[in-house]
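Enquirer:
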Amino acid sequence: MWLQNDLLQLFQPFGVITKLVMLRAKNQALLQMQDIPSAVNALQFYSNVQPSIRGRNVYVQFSSHQELTTMDQNQAREDEFSFSLSRTSLFILLSLSLFSFSMLSAVGNSLDAQPNRILLVTVHHMLYPITADVLHQVFSPHGFVEKIVTFQKSAGFQALIQYQSRQSAVAARSTLQGRNIYDGCCQLDIQYSNLDELQVNYNNDRSRDFTNPNLPTEQKGRSSQPGYGDAGGMYSGARTAGFSQMANAAAIAAAFGGGLPPGITGTNERCTILVANLSPDRIDEDKLFNLFSIYGNIVRIKLLRNKPDHALIQMGDGFQAELAVHFLKGAMLFGKRLEVNYSKFANISQGADTHEYVNSNLNRFNRNAAKNYRYCCSPTKMIHLSTLPQDITEDEIVSLLEEHGNIVNCKVFEMNGKKQALVQFETEEQATEALVCKHASPLSGSVVRISFSQLQNI
């Protein structure tokens with residue numbers, strides 16, 4: 001019954017619904033509205049906004065049926081859920097007022113799944129990284145959690161959570177369904193899985209067997225330079241600090257002055273980006289990380305061996321990927337104009353040719369996310385340097401960056417007791433190269449952080 005109610009909630013704002021028939025065998029439904037304008041308004045609205053029910057996309061189109069007949073309703077059997085209008089109601093039945101629906105099912109789950117000790121969890125609007133340990137903190141108060149496995153699917157970030165007992169799983173779903181892990185984001189959509197037992201091979205951030213703590217940690221991906229892929233080193237403690245400073249999702253809009261930048265819809269769900277027209281002899285994964293991490297957290301990066309000027313970059317979520325595509329499409333780097341588009345792949349599989357960044361303390365959005373969203377922009381001639389040594393001079397800044405282009409102006413200043421600097425280059429490309437090559441580089445015991453500045457002059 002909950003599925004019918006959810007469908008009704010999607011379409012009731014557009015007008016009176018006269019009939020709704022569920023065709024579970026086809027994973028579809030037929031919905032009939034009272035008149036044509038209501039149907040047209042609903043279809044036009046959902047052609048621009050992807051409707052979903054509990055994390056599953058709903059696809060809407062006009063049906064070829066002229067009206068819902070007794071035969072259609074008999075086919076639905078006990079799944080029929082129809083409404084009859086009073087005799088005084090205007091009852092218009094035309095093909096344009098009849099919709100058909102189809103829904104995508106998630107892996108390991110069924111709409112008709114019975115209560116089970118294994119839960120399928122989908123995390124929506126995931127602004128911050130979610131690990132097996134984070135999920136354990138959320139779900140363990142409701143019973144002993146035996147195993148957790150996380151993965152990326154077309155529906156987004158998902159996890160399978162196995163309890164010791166079915167009663168614990170039922171209690172967890174009842175309490176946590178629809179709740180947010182963090183204020184305003186990371187919403188939980190919890191269904192029962194049809195699986196009987198989870199198999200866990202490694203204990204790490206992506207999977208964990210709490211009944212077998214002696215499992216090895218997976219070592220598939222190559223490690224990056226110090227501080228990029230590990231939890232220690234540079235910016236130690238950034239992840240834990242981030243969890244205590246989670247901003248409300250509304251801060252995303254607030255960061256851009258109450259709305260999103262022109263061209264940003266906020267509805268994209270694709271997390272993986274394909275970057276082409278790179279300079280193979282001058283680019284590497286860490287340099288790509290330095291550039292794309294301005295727009296969101298980086299999960300992993302893969303340079304394509306069969307296409308050396310191509311790379312795949314998996315962002316933390318669809319919104320961050322949309323920012324990167326929007327602001328970096330056509331940007332100049334190392335004499336080439338970048339081609340930045342969404343990839344057909346939902347995620348990048350781990351392997352020996354991938355670099356892992358999901359736990360990197362250099363990911364900028366693990367804390368102060370709203371501030372970092374506010375700084376998102378296309379490459380500019382001006383870059384901002386922070387976390388500088390207290391005794392830094394302008395000459396030292398120029399010496400660090402001058403190999404990347406002609407520096408027009410440089411100014412070192414102090415804010416909140418910390419030294420910072422603004423450096424203006426002659427072109428956006430020179431500033432971009434300096435950021436790509438020098439962000440996260442060591443300088444007199446400090447680690448320099450670089451971002452684009454929207455200031456026009458110093």
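Residue numbers (full-length UniProt numbering): 1 to 458. By construction, the Cβ of each residue, glycine as well, lies at the ideal position given by its N, Cα and C atoms.
Should the stretch 411-420 be regarded as contacting the stretch 347-360, the criterion being three or more beta carbon pairs within less than 8 Å?
Expert: no
Enquirer: For a test of the three-state rule: what should DSSP assign to residue 4, helix, strand or coil?
Expert: Reading the sequence shown from its first residue, position 4 is the one you call residue 4. Secondary structure at residue 4: helix, using DSSP grouped into helix, strand and coil.
Enquirer: Is the beta carbon of residue 392 less than 8 Å from the beta carbon of residue 422?
Expert: As a position in the sequence shown, residue 392 is number 392, starting the count at 1. As a position in the sequence shown, residue 422 is number 422, starting the count at 1. The answer is no: Cβ separation not under 8 Å.
Enquirer: Would you report the Cα separation of residue 15 and residue 275, rounded to the nearest angstrom?
Expert: If you number the sequence shown from 1, residue 15 lands on position 15. If you number the sequence shown from 1, residue 275 lands on position 275. In a straight line, the C-alpha of residue 15 is about 44 Å away from that of residue 275.
Enquirer: From the DSSP output, in three-state form, read off residue 320 for me.
Expert: Translated into the one-based positions of the sequence shown, residue 320 becomes position 320. Under the three-state reduction of DSSP, residue 320 is assigned to helix.
Enquirer: CA-CA distance, residue 17 and residue 4?
Expert: For this step, residue 17 is matched to residue 17 along the sequence shown. For this step, residue 4 is matched to residue 4 along the sequence shown. Their Cα atoms are separated by approximately 12 Å.
Enquirer: Quick check on the burial criterion: 16 or more other C-beta atoms within 10 angstroms. Buried or exposed for residue 183?
Expert: Position 183 of the sequence shown, counting from 1, holds the residue named residue 183. It counts as exposed.
Enquirer: Report the three-state DSSP secondary structure of residue 106 (helix, strand or coil).
Expert: Taking the sequence shown and counting its residues from 1, the one referred to as residue 106 is at position 106. Its pLDDT being 35, under 50, residue 106 is placed unreliably by the model, and the measurement read from it follows with that caveat. DSSP places residue 106 in coil when its eight states are reduced to three.
Enquirer: So does residue 349 have its beta carbon nearer than 7 Å to some heavy atom of the ligand HEM?
Expert: Absent from the structure shown: the ligand HEM. Ligands present: none.
Enquirer: Should residue 7 go down as buried or exposed, given a rule of 16 or more other Cβ atoms within 10 Å for buried?
Expert: Translated into positions along the sequence shown, residue 7 becomes position 7. When all chains shown are included, residue 7 counts as buried.
Enquirer: Note down, in chain order, each residue of its chain lying with its Cβ closer than 6 Å to the Cβ of residue 429, except the 5 sequence neighbours on either side.
Expert: In the sequence shown, counting from the first residue as 1, residue 429 sits at position 429. For residue 429, where only same-chain residues beyond five positions count, the Cβ hits under 6 Å are 332.
Enquirer: Going by beta-carbon coordinates alone, are residue 462 and residue 347 separated by less than 8 Å?
Expert: The structure shown does not extend to residue 462, since the chain is modelled only from 1 through 458, so no value can be given for it.
Enquirer: Measure from the alpha carbon of residue 129 to the alpha carbon of each residue in 165, 180, 358, then state which is nearest.
Expert: Your numbering for residue 129 matches position 129 in the sequence shown. Out of 165, 180, 358, 358 has the C-alpha closest to the C-alpha of residue 129.
Enquirer: According to the Cβ coordinates, are residue 334 and residue 402 closer than 8 Å?
Expert: Numbered from 1 along the sequence shown, position 334 holds the residue referred to as residue 334. Numbered from 1 along the sequence shown, position 402 holds the residue referred to as residue 402. Not closer than 8 Å, so no.
Enquirer: What do you get for residue 165, buried or exposed, if any count of 16 or more other CB atoms within 10 angstroms of its CB means buried?
Expert: The residue you call residue 165 lines up with position 165 of the sequence shown. Exposed is the call here.
Enquirer: On the CB-based measure, 16 or more other CB atoms within 10 Å of its CB, does residue 445 come out buried or exposed?
Expert: Sequence index remark: in the sequence shown, residue 445 carries index 445 (1-based). With fewer than 16 other Cβ atoms from the protein chains shown falling within 10 Å of its own Cβ, residue 445 counts as exposed.
Enquirer: Taking DSSP as the reference, what is the three-state secondary structure of residue 397?
Expert: Taking the first residue of the sequence shown as position 1, residue 397 is located at position 397. Helix, per DSSP.
Enquirer: List in chain order: all unbroken alpha helix (DSSP H) runs of 4+ residues lying wholly within the stretch 156-204.
Expert: 166-176
Enquirer: Closest to residue 308 by CA distance: which of 406, 58, 278 is it?
Expert: Here residue 308 refers to the residue found at position 308 when the sequence shown is read from its first residue. Relative to residue 308, the option among 406, 58, 278 whose CA is nearest is 278.
Enquirer: Beta carbon of residue 476, beta carbon of residue 120: below 8 Å?
Expert: Residue 476 is absent from the structure shown; the chain starts at 1 and stops at 458.
Enquirer: If you draw a straight line from the alpha carbon of residue 133 to that of residue 140, how long is it in whole angstroms?
Expert: For the purposes of this step, residue 133 is taken as residue 133 along the sequence shown, with counting starting at 1. For the purposes of this step, residue 140 is taken as residue 140 along the sequence shown, with counting starting at 1. In a straight line, the C-alpha of residue 133 is about 10 Å away from that of residue 140.
Enquirer: Can you give me the Cβ contacts of residue 435 inside the same chain, cut-off strictly under 6 Å, excluding the 5 residues immediately before and after it?
Expert: Mapped onto the sequence shown, residue 435 falls at position 435. The answer, listed in chain order, is 383, 450.
Enquirer: What residue range is occupied by the uninterrupted beta strand (DSSP E) comprising residue 272?
Expert: If you number the sequence shown from 1, residue 272 lands on position 272. 272-276 is the span of the beta strand (DSSP E), which, as asked, contains residue 272.
Enquirer: Please report the distance separating the alpha-carbon of residue 214 from that of residue 143.
Expert: Residue 214 sits at position 214 when you count from the first residue of the sequence shown. Residue 143 sits at position 143 when you count from the first residue of the sequence shown. Computed Cα separation, rounded: 22 Å.
Enquirer: Look at residue 323 and residue 312 and say whether their C-beta atoms are less than 8 Å apart.
Expert: For the purposes of this step, residue 323 is taken as the residue at position 323 of the sequence shown. For the purposes of this step, residue 312 is taken as the residue at position 312 of the sequence shown. No, the Cβ-Cβ distance between residue 323 and residue 312 is not below 8 Å.
Enquirer: With H, G and I counted as helix, E and B as strand and the rest as coil, what does DSSP make of residue 431?
Expert: What you label residue 431 is simply residue 431 of the sequence shown in a count that begins at 1. Looking at residue 431 - three-state DSSP - the assignment turns out to be helix.
Enquirer: Nearest to residue 386 by alpha carbon, out of 114, 123, 453?
Expert: Walking along the sequence shown from the start, residue 386 turns up at place 386. Residue 453 is the option with its Cα nearest to residue 386.
Enquirer: Quick one: grab the DSSP three-state call for residue 133.
Expert: Mapped onto the sequence shown, residue 133 falls at position 133. Of the three classes helix, strand and coil, the one that applies to residue 133 here is helix, per DSSP.
Enquirer: What residue range is occupied by the uninterrupted alpha helix (DSSP H) comprising residue 373?
Expert: Reading the sequence shown from its first residue, position 373 is the one you call residue 373. Counting along the chain, the alpha helix (DSSP H) containing residue 373 begins and ends at 369-374.
Enquirer: What three-state label does DSSP hand residue 404 in the structure shown?
Expert: For the purposes of this step, residue 404 is identified with residue 404 of the sequence shown, where counting begins at 1. Helix, per DSSP.
Enquirer: Name the DSSP bridge partner or partners of residue 450?
Expert: The residue labelled residue 450 in the question sits at position 450 within the sequence shown. Note: residue 450 sits in a beta bridge opposite 385.
Enquirer: With DSSP collapsed to three states, give me the class of residue 438.
Expert: Here residue 438 corresponds to residue number 438 of the sequence shown, with the count starting at 1. Correct three-state label for residue 438: helix.
Enquirer: Could you check which residue in 189, 51, 373, 173 has the C-alpha nearest to that of residue 327?
Expert: Along the sequence shown, read from residue 1 onward, the residue named residue 327 stands at position 327. Comparing Cα positions, the closest option is 373.
Enquirer: One question on the structure: do residue 408 and residue 425 come within less than 8 Å of each other, judged by their Cβ atoms?
Expert: Along the sequence shown, read from residue 1 onward, the residue named residue 408 stands at position 408. Along the sequence shown, read from residue 1 onward, the residue named residue 425 stands at position 425. Cβ distance < 8 Å, so residue 408 and residue 425 count as in contact.
Enquirer: If we ignore side chains and look at the alpha-carbon of each, how far apart do residue 158 and residue 11 end up?
Expert: Locating residue 158 in the sequence shown gives position 158, where the first residue counts as 1. Locating residue 11 in the sequence shown gives position 11, where the first residue counts as 1. Distance between residue 158 and residue 11, taken at the CA atoms: about 28 Å.
Enquirer: Using the rule of at least 16 other Cβ atoms within 10 Å of the residue's Cβ for burial, across every protein chain shown, is residue 398 buried or exposed?
Expert: The count along the sequence shown starts at 1 and reaches residue 398 at position 398. The residue is exposed, with fewer than 16 neighbouring Cβ atoms inside 10 Å.
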